Amino acid sequence: MSINLIVAMTKNHVIGNDNTLVWDLKDDLAVFRKKTDGQTVIMGKKTWDSLPAQFRPLPNRNNIVLDWEQYDLEGAIVCTSIKSSIEKAKEFGKEIFCIGGASVYKAFLPFVDTLHISWVKEDYTGNVLFQEVDFLEWKEVESEDFADFVHKKYIKKN
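Following UniProt numbering, the numbering of the sequence shown begins with 1 at its first residue and continues without gaps.
If you want it as structure tokens, here you go:
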């Protein structure tokens, strides 16, 4: 079972603005659904809160939310550390997908072995950025071109 990170960003690493997406790309949402359906998703509390109520929890997925304190959250399991969230996710025996936000991506990146990046073709401005990645450490293994983005899959080199 691999630990995946899935993100859409511009070439300048913009992933959002004030906890919202700055684009509405139906095909990217379809890619996200296809990749994560039936799997386990891990997200930060801000990402959870940004989901429309009708999609909380994300359907047909095990939802894990990272937050500073432990509490009950309907439809999700709350974990207080990266390590505990990965351990809990492994109990489900499914692929693990980190789905954001920015601080969760940054904390997860050292544990990830597969990146799924939708490179948005249009330049958008935003104040939420994905950290720099040393792509010399990653090998591109898939690429699919869409009208508004190119979705690429990378695996970590050993």
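Built from N, CA and C at the ideal position, the CB exists for glycine as well. The structure displayed is predicted, hence computed values, not measured ones.
- Looking at the DSSP output, GLY44 sits in a beta bridge with LEU66.
- Secondary structure of ASP72 (DSSP, three-state): coil.
- In the displayed model, GLU132 falls within coil according to three-state DSSP, outside both helix and strand.
- ILE96 is bridged by DSSP to ILE3, THR40.
- Assignment of VAL104 by DSSP, reduced to helix, strand and coil, places it in the helix class.
- The C-alpha of ASN63 is placed about 17 Å away from the C-alpha of VAL7.
- Within its own chain, the residues whose Cβ lies closer than 6 Å to the Cβ of TYR154, once the five positions on either side in sequence are excluded, are LEU115, TRP138, GLU140, listed in chain order.
- For GLU122, no alpha helix (DSSP H) encloses it, and the DSSP letter there is neither H nor E.
- Counting along the chain, LYS153 sits inside the beta strand (DSSP E) bounded by residues 149-156.
- Residue environment: PHE55 is assigned as exposed (fewer than 16 neighbouring CB atoms within 10 Å of its CB, all protein chains considered).
- Three or more pairs of CB atoms, one per stretch, sit closer than 8 Å, so the stretch 80-98 contacts the stretch 27-45.
- In the DSSP annotation of this structure, the continuous segment of the beta strand (DSSP E) that includes LYS139 starts and ends at 138-145.
- Rounded to whole angstroms, the separation of the alpha carbons of PHE32 and THR47 is 15 Å.
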